[in-house]
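A short write-up of the structure that comes next.
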């Protein structure tokens, strides 16, 4: 089916000329419910990438070049390589921050930060991972012969080792810029961990106490940069069977965001992985619930990761449009989609593989257009948003046997426009349904 959306003004979806490169000279700060930069509100128009600390230098540059194309002003990366992974390390073993014969992820991270700065892109750096990818919490527990994942949050020896790593990274001098990390405004945020969970304590107190201790410590060694906890946004609330809301994973978002040295709350959004019905509707409510909680705490909130797989039973571009509109309209401090990848010279098609199904390329696809327009709006830049109609059912490549299919469509009109009609046409360009 083809669609047309009639409106009162012509459309133009070319936004390339509206994306400037803004020099980085000042730190982003937090004032109440907003992030601020040089007296003006700063909203994060961002993405994530996990290979910026071990990928080839050309791959790192290509990702950052694509960030510019998409209007991105912030990228979240990993600032850890616990043990040896991909022939790289940052902490080969406890308190050992380099090792002969192994490539240094410090160097790759230095390079990524330096190249991001050239392009006016700020960086969120996570100190470790809840999961075992690149070491993370499981590596610390193994190093110190712990018996449970959550020993990471309780064992004094593990906590001291983690603090030492933080201090080393914060005080590291970037070999490409000559600037110590704590003095580099390109590093917008230090994040305590990626998706920390403490399932052994469903009250949320264990993670809260750890987050307070670690955020206070980071503030003592990095006084000028923002600090985030990095959770997925799970609540600990009464009267619900939804595991994302009832404390199942030991995360109390409402309480964590009140910590004095946590500058903004983070939420992630993966309804497919979390097995939630109605992907778009559940996700939109998730965003709104966090916006409401953040307002009560007078803190900013950021949709730090979100994604719909390319094979999901939903129109990906439509879902991204609904979610990003919710971020903008509800006043969140920004959003960062998962995941922007670019070239990989070792692959036959020269593209980094779509390992988790969430890959987004800056190639002009519909989802990329939606995100670019959203990014420009967040940044207060001129944006041309064309009128669109999304077919929400049946989705692309769906096998529908019924000859009488009920087609569901959702129109979007630009600001100050009014939808007057929507026409669906078949491949012979014959109008089969008109909705007014």
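Residue numbers (my numbering): 112 to 547. Beta carbons are placed, not taken as given, at the ideal position from N, Cα and C, and that holds for glycine. Note that this is a predicted model, so its numbers are computed, not measured.
Output the boundary residues of the alpha helix (DSSP H) element that contains residue 175.
168-180
Residue 345 to residue 486 span [Cα, whole Å]:
Straight-line measurement puts the Cα of residue 486 at about 26 Å from the Cα of residue 345.
Residue 268 in three-state terms, based on DSSP
helix
Is the beta carbon of residue 281 sitting closer than 9 Å to the one on residue 333?
Yes.
Helix, strand or coil, according to DSSP, for residue 277 in the structure here?
helix
Cutoff 6 Å; reference residue 432; Cβ partners in own chain excluding five residues on either side
Counting only Cβ-Cβ distances below 6 Å, and skipping sequence neighbours, we find 481.
Tell me, please, which residues DSSP counts as bridged to residue 140.
147
Using the C-alpha atoms, what's the distance from residue 405 back to residue 317?
21 Å
Can you tell me which of 165, 143, 169, 291 puts its alpha carbon nearest to the alpha carbon of residue 454?
169
Mapping DSSP to helix, strand and coil, what is residue 196?
strand
DSSP three-state label for residue 401, please.
helix
DSSP puts residue 298 in a beta bridge; with which residues?
234
Tell me whether the beta-carbon of residue 163 lies closer than 9 Å to the beta-carbon of residue 235.
no
Since residue 337 contacts residue 139 with CB under 8 Å, what's their CB separation in whole angstroms?
6 Å
When the Cα of residue 366 is compared with those of 378, 154, 392, 315, which residue comes out closest?
315
Secondary structure of residue 347, DSSP reduced to three states:
strand
Spell out the partners DSSP gives residue 214 in its beta bridges.
199
Segment contact flag, the region 486-501 with the region 152-163, C-beta cutoff 8 Å, min 3 pairs:
yes
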